[in-house]
Amino acid sequence: MKRGWIHWDHTEVPRAAFETRLEILRQSLLSNDLPAAVIYTDVWRSNQARHFCNFMPYWNRALLVVPRDAPAILLCSLSPRVYPWIRSVTILDDIRPSPNLAQQLLALADEHGWNRLAVLDLPQLPHDLHRQLFTSQIHLFPLSLPFSADNWELAMYRRAAQMARSTLDEALPKAPGLTGHEFASRLERTLRRAGAEDLVTLLTSGRTVPAPPTAEPLTPNFSVALALEYRGHWVKIARCASPRDPFPSRIHVETLSGPYPYEVAARLASPSLLALRFESQSEGLRLFHGDTYLSNDQGLQLL
Numbered sequence: 242m243k244r245g246w247i248h249w250d251h252t253e254v255p256r257a258a259f260e261t262r263l264e265i266l267r268q269s270l271l272s273n274d275l276p277a278a279v280i281y282t283d284v285w286r287s288n289q290a291r292h293f294c295n296f297m298p299y300w301n302r303a304l305l306v307v308p309r310d311a312p313a314i315l316l317c318s319l320s321p322r323v324y325p326w327i328r329s330v331t332i333l334d335d336i337r338p339s340p341n342l343a344q345q346l347l348a349l350a351d352e353h354g355w356n357r358l359a360v361l362d363l364p365q366l367p368h369d370l371h372r373q374l375f376t377s378q379i380h381l382f383p384l385s386l387p388f389s390a391d392n393w394e395l396a397m398y399r400r401a402a403q404m405a406r407s408t409l410d411e412a413l414p415k416a417p418g419l420t421g422h423e424f425a426s427r428l429e430r431t432l433r434r435a436g437a438e439d440l441v442t443l444l445t446s447g448r449t450v451p452a453p454p455t456a457e458p459l460t461p462n463f464s465v466a467l468a469l470e471y472r473g474h475w476v477k478i479a480r481c482a483s484p485r486d487p488f489p490s491r492i493h494v495e496t497l498s499g500p501y502p503y504e505v506a507a508r509l510a511s512p513s514l515l516a517l518r519f520e521s522q523s524e525g526l527r528l529f530h531g532d533t534y535l536s537n538d539q540g541l542q543l544l
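In this note's numbering, the protein residues as written are 242 to 544.
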């Protein structure tokens with residue numbers, strides 16, 4: 242179902258955007274005298290491959306291989322019957338069936354005479370691939386690239402954030418009295434029609450942290466935390482239906498610009514995309530509010 246929502250609008254992110262990003266990656270390979278870079282991707286860990294080629298797996302996993310002096314190659318565990326669709330929504334032409342990703346990568350390296358490869362975020366490679374590759378004759382080198390906050394990337398995140406904000410602004414006043422399931426389904430209907438590929442809705446009546454919707458009616462003090470994916474770009478927005486204390490008692494920070502769509506921010510890099518969720522207390526209730534920000538040398542900027 243998710244595959245049907247994935248599109249490539251060339252007016253939003255043109256081919257030139259991906260070529261520019263790939264050139265930055267190739268310059269890094271050149272400076273480190275490495276022939277190719279390998280980027281792992283799956284349905285959840287999709288940020289990095291999407292950034293370079295617009296490939297967003299709706300299921301299964303793949304390896305994006307970027308040679309220093311040739312077009313990118315996708316080693317894909319998805320069925321070949323969807324390769325025409327992949328070509329229509331990415332910059333990729335060379336897609337190779339790969340039930341065993343490590344085996345196919347080793348065959349590709351042998352084909353090109355590569356005995357050294359850069360692997361983006363090598364320590365986070367899945368265990369089975371890590372084991373097969375490290376017992377081979379290929380020497381693997383960790384590669385890390387800072388978040389590239391180019392104008393195309395930021396515009397997509399802003400579009401996603403604005404979509405979530407405007408929908409919540411309209412839906413919140415009408416929500417008290419609805420069940421959690423009813424409210425979540427209304428958000429799904431509106432945001433899917435607006436182009437969201439994926440959506441995670443969490444709700445709370447003020448007694449707990451936001452959690453999956455239930456059949457319990459929403460109170461006037463309920464809060465909603467929304468994670469939304471638009472064209473592969475994830476944002477997180479939280480809102481409370483009632484007035485809140487402007488001085489939060491707790492702040493929860495997640496990073497949106499790492500390998501995963503969102504994860505707890507163990508350390509803050511600059512630039513990076515952050516989701517900040519603020520918790521306030523009111524008459525014994527926990528109220529939540531949050532948004533998506535760009536963190537850079539100028540500080541925090543609301544997207």
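Heads up, the beta-carbon is just placed ideally off N, CA and C, and yes, glycines get one too.
Next on the checklist: On the CB-based measure, 16 or more other CB atoms within 10 Å of its CB, does residue 415 come out buried or exposed?
Outcome noted: exposed
Next on the checklist: At the level of alpha carbons, what is the spacing between residue 517 and residue 355?
Outcome noted: 43 Å
Checklist entry - If you check the beta carbons only, do residue 395 and residue 544 fall under 8 Å apart? => result yes
Checklist entry - In whole angstroms, what is the alpha-carbon distance linking residue 458 and residue 446? => result 9 Å
Item to check | Uninterrupted alpha helix (DSSP H) stretches inside the region 278-359 (no shorter than 4 residues) | outcome: 288-294, 324-330, 342-353
Item to check | Minimum length 4: unbroken alpha helix (DSSP H) runs contained in the region 477-503 | outcome: none
Next on the checklist: Using DSSP's beta-bridge definition, name the partner residues of residue 537.
Outcome noted: 540
Checklist entry - Taking the alpha carbon of residue 334 as the point to measure from, which residue in 344, 323, 343, 503 has its own alpha carbon closest? => result 323
Next on the checklist: Assuming residue 294 and residue 311 are in contact, meaning their beta carbons sit under 8 Å apart, how far apart are those beta carbons, in whole angstroms?
Outcome noted: Not a contact, Cβ separation roughly 14 Å.
Checklist entry - Just checking my contact of residue 478 with residue 390 at CB under 8 Å: how many whole Å lie between their CB atoms? => result That pair is no contact at about 19 Å.
Checklist entry - Exposed or buried, residue 360, counting other C-beta atoms within 10 Å across all chains shown (16 or more means buried)? => result buried
Checklist entry - Who pairs with residue 470 in a beta bridge, going by DSSP? => result Looking at the DSSP assignment, residue 470 forms a beta bridge with 439, 475.
Checklist entry - Is the beta carbon of residue 511 less than 8 Å from the beta carbon of residue 532? => result For residue 511 and residue 532, no; Cβs fall outside 8 Å.
Checklist entry - Alpha carbon to alpha carbon, how far is residue 271 from residue 495? => result 33 Å
Checklist entry - What residue range is occupied by the uninterrupted beta strand (DSSP E) comprising residue 522? => result 513-523
Item to check | residue 364 burial status per 10 Å Cβ neighbour count (16 or more: buried) | outcome: Flag for residue 364 reads exposed.
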